[in-house]
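Student: Provided herewith is a single structure, encoded as structure tokens, for subsequent inquiry.
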Amino acid sequence: LVLGKQDMLDVDRQELASFLSAKDGSSYAPKSGEITGILKQMGDTMAKHLAESTATEDAAIKTYESLLAAKAKEVEALVASIEAKTEQIGKLGVDIVQMKEDLSDTEAANLEDGKLLAGLKESCATKKTEWDERSKTRAAELVALAETIKILNDDDALELFKKTLPSASASFMQMQVN
Numbered sequence: 509l510v511l512g513k514q515d516m517l518d519v520d521r522q523e524l525a526s527f528l529s530a531k532d533g534s535s536y537a538p539k540s541g542e543i544t545g546i547l548k549q550m551g552d553t554m555a556k557h558l559a560e561s562t563a564t565e566d567a568a569i570k571t572y573e574s575l576l577a578a579k580a581k582e583v584e585a586l587v588a589s590i591e592a593k594t595e596q597i598g599k600l601g602v603d604i605v606q607m608k609e610d611l612s613d614t615e616a617a618n619l620e621d622g623k624l625l626a627g628l629k630e631s632c633a634t635k636k637t638e639w640d641e642r643s644k645t646r647a648a649e650l651v652a653l654a655e656t657i658k659i660l661n662d663d664d665a666l667e668l669f670k671k672t673l674p675s676a677s678a679s680f681m682q683m684q685v686n
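Numbered as in the numbering used here, the sequence shown ends at 686 without a single skipped number.
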């Protein structure tokens with residue numbers, strides 16, 4: 509029926525006739541062995557790639573886990589450092605406040621000491637002036653004493669003293685204390 513159709517090409521008709529005239533698979537040679545080999549080779553290649561990818565993924569997971577552990581330790585160390593530095597900042601803040609109070613106390617004491625120093629300078633200047641006056645007076649007294657001694661040591665004065673002083677027989681001596 510199909511062979512009798514007019515719109516079919518002669519080449520196609522001959523091929524169809526040879527296919528239909530052939531006995532059950534006597535002239536048919538299956539090519540599935542070649543396809544099976546290709547599929548098997550593809551399966552082996554995919555299994556090899558899967559093993560390589562799995563090994564690469566396992567290595568990447570181990571690297572990731574070690575990196576994650578290292579980063580966790582680093583974060584822990586940084587958190588401890590931040591806590592220590594925060595505590596240090598607090599202590600330094602307290603120290604700064606105390607030092608500012610000490611500074612204001614020291615400045616007030618310095619101001620008082622400055623007033624005391626000014627008073628001492630004034631007092632010292634006054635005492636120096638007084639000392640200079642006493643020294644001049646004392647020097648004048650010493651000069652006067654030296655002149656008096658000189659006068660008294662003169663021979664004329666000695667004769668005068670001998671005449672005016674009472675003799676030893678006229679002197680009194682205390683014998684008892686009540």
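Every residue gets a Cβ at the ideal spot worked out from N, C-alpha and C, and that includes glycine. Please read all numbers here as calculations on a predicted model, not as lab measurements.
1. Could you have a look at ALA603 and say whether DSSP puts it in helix, strand or coil?
2. Assuming ILE659 and ALA652 are in contact, meaning their beta carbons sit under 8 Å apart, how far apart are those beta carbons, in whole angstroms?
3. Which whole runs of the alpha helix (DSSP H) in the region 625-670 are 4 residues long or more, in chain order?
4. Kindly provide the ranges of any alpha helix (DSSP H) runs that are 4 or more residues long and lie completely inside the region 557-588, ordered along the chain.
5. For the alpha helix (DSSP H) that VAL737 lies in, which residues bound it at each end?
6. So what's ASP515 in DSSP terms, helix, strand or just coil?
7. Can you tell me the Cα-Cα spacing of SER540 and ALA567, whole angstroms?
8. Given this structure, state the Cα-to-Cα distance separating LEU650 from ASP640, to the nearest angstrom.
Tutor: Taking the definition as stated:
1. The sequence as given places Asp at residue 603; Ala does not occur at that position. Look at ASP603 here: in three-state DSSP terms it is helix.
2. In fact, because the Cβ distance is near 10 Å, the residues do not count as touching under 8 Å.
3. none
4. none
5. With the chain represented from 509 up to 686, any question about residue 737 goes unanswered, as that position is not in the structure.
6. Under the three-state reduction of DSSP output, ASP515 falls in the coil class, being neither helix nor strand.
7. 40 Å
8. 15 Å
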